[in-house]
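Here the structure comes first, spelled out in structure tokens, and everything after it is commentary.
Protein chains: 2
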Amino acid sequence: MSSTEQSPAAHVPEAKRLLLKSVLSYADANVSASLDRLFQLLRIPSVSCDPRYAPQCQEAASWLTYELGSIGFDASVRQTTGHPVVVAHQKQAIGPHVLFYGHYDVQPVEPLEKWDADPFDPRLKVQPSGDSQIIARGASDDKGQLLTFVEACRAWKTVTGGLPISVSMFFEGEEESGSPSMDKFLDQAGDELHADLMLLCDTYLWNDAVPAVTVMFRGLLEEEIEITCANRDLHSGAYGNAARNPIQVLAELIASLRSKSGAVAIEGFYDDVTEPDEELKSELKKLRFDADMFLQNVGLSQAAGDEAYSVLEQVWTRPSCQINGIAGGYYGDGLKTIIPSKAVAKVSFRLVAGQDPEKIQAKFHEHIRARMPVDCTVKFTGLGGSKASVIPSNSQYLRRARAALKDEWNCESVLIGSGGSIPIVSVMQSRLSIDSLPIGFARSDNRHHSPNEKYDLSSFHKGIRSWIRILAELSGGESNKSEL
Amino acid sequence: MSSTEQSPAAHVPEAKRLLLKSVLSYADANVSASLDRLFQLLRIPSVSCDPRYAPQCQEAASWLTYELGSIGFDASVRQTTGHPVVVAHQKQAIGPHVLFYGHYDVQPVEPLEKWDADPFDPRLKVQPSGDSQIIARGASDDKGQLLTFVEACRAWKTVTGGLPISVSMFFEGEEESGSPSMDKFLDQAGDELHADLMLLCDTYLWNDAVPAVTVMFRGLLEEEIEITCANRDLHSGAYGNAARNPIQVLAELIASLRSKSGAVAIEGFYDDVTEPDEELKSELKKLRFDADMFLQNVGLSQAAGDEAYSVLEQVWTRPSCQINGIAGGYYGDGLKTIIPSKAVAKVSFRLVAGQDPEKIQAKFHEHIRARMPVDCTVKFTGLGGSKASVIPSNSQYLRRARAALKDEWNCESVLIGSGGSIPIVSVMQSRLSIDSLPIGFARSDNRHHSPNEKYDLSSFHKGIRSWIRILAELSGGESNKSEL
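For the protein sequence lines, the chains are A and L, in the order given.
Numbering follows my numbering, in which position 208 of the first sequence is assigned residue number 1440; successive positions increment by one, without gaps.
Numbering follows my numbering, in which position 16 of the second sequence is assigned residue number 1248; successive positions increment by one, without gaps.
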């Protein structure tokens, strides 16, 4: 499985290379013990959104703390206003200092009847290909992925007595519930989490053979917009025509947000958009992305966004405006002949590099206010915002991680974007100025949040090996924050 | 209160006029007995929408049947699939034959704490003006109004031994619940309800001093429209821009239904609209309608309909298209970053004379289908339709009723429209080809459906007197269906 024998990486000095080889061999020889530990963690039903599972969330945090302690981490369970977090440190004299983030909580398992077996009784299912799948809730999201990093540390610690660089761990238990306690926890404990770089393992491979680093996440601006016309619901017979209808007004406003080309029609919306740098652009161009299949999978045939851009650009590098919800008047069975007083829509913007959520919010409000007809009032409720996160293609850490991935996977990794965001990435960037390198080994068919969630055993094994190499590469030279 | 002494109506022969005077005198002398009977009926809590009051609905029907029997009607309670109806006949050798429609059921009384006293313990409240108000649930809608006609018949019967024309009565007990049993009942018993004309007393005076006949009701076409794009809800991060958003599509479709002038923008929508005849137009022009106040009362200042028409025209003589409800995606607290698969709107059209619901439905579908973008499907669900009801200004019956009203109120009645419809009016027109003359004595401040509902004692008394005169006038000459 390792490729070091065939193509020794010229950039790793010989002594280091031999050490790395030993660590990888240890990981290979002990993969079934690693799998045993993953099974132990998977057996704990740490469903964060259901209060009945609070003790199990506590148990998962304790389990992780014990395991991290057993491999030399100064680890502790920290109580929060919700489920606890686990914080652990193992400092070395040499840098950089990385913070690894993961989450031990899982999604609910409903509908239970669609599972082939107990979601919290993990099992290995051998595939015709010979590879096996680990099937359980959380197998991939995120217990399996999280443990790839822990087991990589275990291998380093066991073989060499220490880690190649300073490592802190930060595992939360509310990721699947919107992290309600995170802000308060970071207010108190944020300083302790300072690091040069955050690593995450909650993302996907590009395909079964090609690893990926997610270097762009779009930002998010969420707004509720409420239109009020008359001071009460009116009878559509008595007032139909004469009274302004807030659903009609809201529909016309929403229609005005989008031009015929599919672009967002708010004046100045694209003003501050920073295009990806040339290196990233060229990386993205190399990706063989099947846009037709991407759309066909969800029953669509044509991209609806700005026709000047490819589908991949539309979802990764171009900002968007989406109506996520709308409600007004009567929408139960049958029909009530009212002209409602109010109508409301939930609007969200996905932002890209260069765009400031506050500026976009102001432009959005201005766009709406300029189009408000007489006798209508608008109320905006801001539901939060975050900037896009982008890791420059010339980041030293990125280069080193990619070199490590190339050694393990025997091919160049790809740089990809994400149309969404992993909230912790923007939180850590905005609160602690820590950039992230999200590297994951999940496959697109892993059924996250769905019945029969799985993680391929090969993902787990090669994930551990990949992190072993990444830790080695990151220790390979002087780095500091300014290089990222 | 009567004005016959001052201005004897030249069109009523002397003998008839003396008879009429006696009947009116009887009504005047016995108004407190009439009021006692109204109080008896008001004490029965016949709330039709609440199954707990089913026995009280039955009781109200029985009470009416008994009272009608006591004044010579062949009256009976007829069971339906819901609350019973009352049918009664008292035929005369001379025509025309009128069918009087009313409803004995009432709205619920909630919120009870907003009533100054028990809603089913009617009481008289003397006003500073000297007039008294009858306060109770159903005082005006429709028990008080219904009894004005019954008491008019009682006066005729008691004084003369008979009625001046053939009268049938039809009282339902589900008007406030959408008349769910009506269709089935009419399937069975419709033939028995044939008449030359239907009279109703469920409408309003123009103002305290001026009676009105409602000669136009708009028709109604109700449609649900559902737009589907992707085959499931999508993550707005992963697909935002690329995936078509059905809320956006629906908003653009709704926006396309209305032109900048406020007119309906469906091609051919106005093609078949029949303008009111010159007589009615001139009647409408004479009305001193305070459009500003009409709008101000509901918090508006400008009419939103086709600016080429007055507010009164917009709500009475022009068709409209209203979105009564809309729903799509997530509209609870906060925001969910989804691009939903579906979005739905409830659309209703108010139709005027000349417009055919089926034709309008076809034009609406065509309008939507022609604007559907790629990757979207539309599903229409028809929720029913009815044509507008219009009584020609030259109707013989209308002329006679107005002459009677003029004698009683000492001023010309006005002809008004209604932007909505009274369902029974279009039902009887379409099923039995019976036109209606809705004449009511309610005032705009009667608080229908609200706490402290009231009916002015003067409305009740002059209502009885008005019907006494109308019955006399209708018997005054040969009439047949073709004159109406």
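Cβ coordinates follow ideal geometry from the N, Cα and C atoms, glycine included.
Fair warning: this is a prediction, and the values are worked out from it, not measured in the lab.
At the level of alpha carbons, what is the spacing between residue i and residue j?
{"i": "Pro1192 of chain L", "j": "Tyr1298 of chain L", "result": "Here chain L covers residues 1233 to 1716 and nothing more, so residue 1192 of chain L does not appear."}
{"i": "Glu1342 of chain A", "j": "Gly1564 of chain L", "result": "21 angstroms"}
{"i": "Ala1293 of chain A", "j": "Cys1281 of chain A", "result": "16 angstroms"}
{"i": "Thr1569 of chain A", "j": "Ser1658 of chain A", "result": "46 angstroms"}
{"i": "Glu1484 of chain L", "j": "Ala1487 of chain A", "result": "5 angstroms"}
{"i": "Asn1473 of chain L", "j": "Phe1332 of chain A", "result": "32 angstroms"}
{"i": "Leu1256 of chain A", "j": "Leu1615 of chain A", "result": "46 angstroms"}
{"i": "Glu1598 of chain A", "j": "Asp1538 of chain A", "result": "22 angstroms"}
{"i": "Ser1542 of chain A", "j": "Leu1437 of chain A", "result": "21 angstroms"}
{"i": "Ser1665 of chain L", "j": "Tyr1258 of chain L", "result": "35 angstroms"}
{"i": "Arg1632 of chain L", "j": "Leu1250 of chain L", "result": "18 angstroms"}
{"i": "Ser1625 of chain L", "j": "Leu1647 of chain L", "result": "9 angstroms"}
{"i": "Ile1623 of chain A", "j": "Val1279 of chain A", "result": "32 angstroms"}
{"i": "Ser1398 of chain A", "j": "Gly1672 of chain A", "result": "21 angstroms"}
{"i": "Pro1551 of chain A", "j": "Ile1498 of chain A", "result": "12 angstroms"}
{"i": "Asn1439 of chain L", "j": "Pro1412 of chain L", "result": "33 angstroms"}
Could you give the DSSP three-state label for residue i: helix, strand or coil?
{"i": "Phe1305 of chain L", "result": "coil"}
{"i": "Lys1517 of chain A", "result": "helix"}
{"i": "Glu1715 of chain L", "result": "Summary for Glu1715 of chain L: the model assigns pLDDT 37, below 50, so the residue's position carries little reliability; its value from the coordinates is reported in the next sentence. Correct three-state label for Glu1715 of chain L: helix."}
{"i": "Phe1271 of chain L", "result": "helix"}
{"i": "Leu1583 of chain L", "result": "strand"}
{"i": "Leu1639 of chain L", "result": "In the sequence on display, residue 1639 of chain L carries Asp and not Leu. In this structure, Asp1639 of chain L counts as helix in the three-state DSSP scheme."}
{"i": "Glu1596 of chain L", "result": "In the sequence under discussion, the amino acid at residue 1596 of chain L is Phe, which differs from the Glu named in the question. Three-state DSSP puts Phe1596 of chain L in a helix."}
{"i": "Cys1281 of chain L", "result": "coil"}
{"i": "His1315 of chain L", "result": "coil"}
{"i": "Tyr1629 of chain L", "result": "helix"}
{"i": "Ala1575 of chain A", "result": "strand"}
What does the Cβ neighbour count give for residue i, buried or exposed, with the cut at 16 atoms within 10 Å?
{"i": "Asn1642 of chain L", "result": "exposed"}
{"i": "Thr1613 of chain A", "result": "exposed"}
{"i": "Pro1572 of chain L", "result": "buried"}
{"i": "Ile1459 of chain A", "result": "buried"}
{"i": "Thr1446 of chain L", "result": "buried"}
{"i": "Ile1326 of chain L", "result": "exposed"}
{"i": "Asn1678 of chain A", "result": "buried"}
{"i": "Val1496 of chain L", "result": "buried"}
{"i": "Asp1639 of chain L", "result": "buried"}
{"i": "Arg1601 of chain A", "result": "exposed"}
{"i": "Ser1662 of chain A", "result": "exposed"}
{"i": "Glu1246 of chain A", "result": "exposed"}
{"i": "Asp1688 of chain A", "result": "buried"}
Less than 8 angstroms between CB atoms is the rule here; does residue i satisfy it with respect to chain A?
{"i": "Tyr1471 of chain L", "result": "yes"}
{"i": "Gly1649 of chain L", "result": "no"}
{"i": "Ala1633 of chain L", "result": "no"}
{"i": "Leu1251 of chain L", "result": "no"}
{"i": "His1335 of chain L", "result": "no"}
{"i": "Thr1313 of chain L", "result": "no"}
{"i": "His1467 of chain L", "result": "yes"}
{"i": "Gln1480 of chain L", "result": "yes"}
{"i": "Ala1497 of chain L", "result": "no"}
{"i": "Tyr1502 of chain L", "result": "no"}
{"i": "Gln1661 of chain L", "result": "no"}
Taking 8 angstroms as the CB-CB limit, is residue i close to chain L?
{"i": "Leu1532 of chain A", "result": "yes"}
{"i": "Leu1527 of chain A", "result": "yes"}
{"i": "Asp1524 of chain A", "result": "no"}
{"i": "Ile1486 of chain A", "result": "yes"}
{"i": "Gly1566 of chain A", "result": "yes"}
{"i": "Leu1615 of chain A", "result": "yes"}
{"i": "Lys1578 of chain A", "result": "yes"}
Stretch-stretch touch, CB-based, cutoff 8 angstroms, three pairs: the segment 1368-1385 of chain L with the segment 1420-1434 of chain L: yes
With contact counted as at least three CB pairs below 8 angstroms, one residue from each stretch, are the segment 1262-1271 of chain L and the segment 1304-1317 of chain L in contact? no
Are at least three pairs of beta-carbons, each pair with one atom in the segment 1585-1599 of chain L and one in the segment 1501-1513 of chain L, less than 8 angstroms apart? yes
Determine contact between the segment 1407-1427 of chain A and the segment 1347-1356 of chain A, defined as no fewer than three beta-carbon pairs at a distance below 8 angstroms. no
So does the segment 1518-1532 of chain A actually touch the segment 1527-1542 of chain L, counting three or more Cβ pairs closer than 8 angstroms? With a cut-off of 8 angstroms, the segment 1527-1542 of chain L and the segment 1518-1532 of chain A do not count as touching, because too few Cβ pairs lie within range.
Can you confirm whether the segment 1699-1710 of chain L touches the segment 1380-1388 of chain L when touching is taken to mean that 3 or more C-beta pairs between the two stretches lie within less than 8 angstroms? yes
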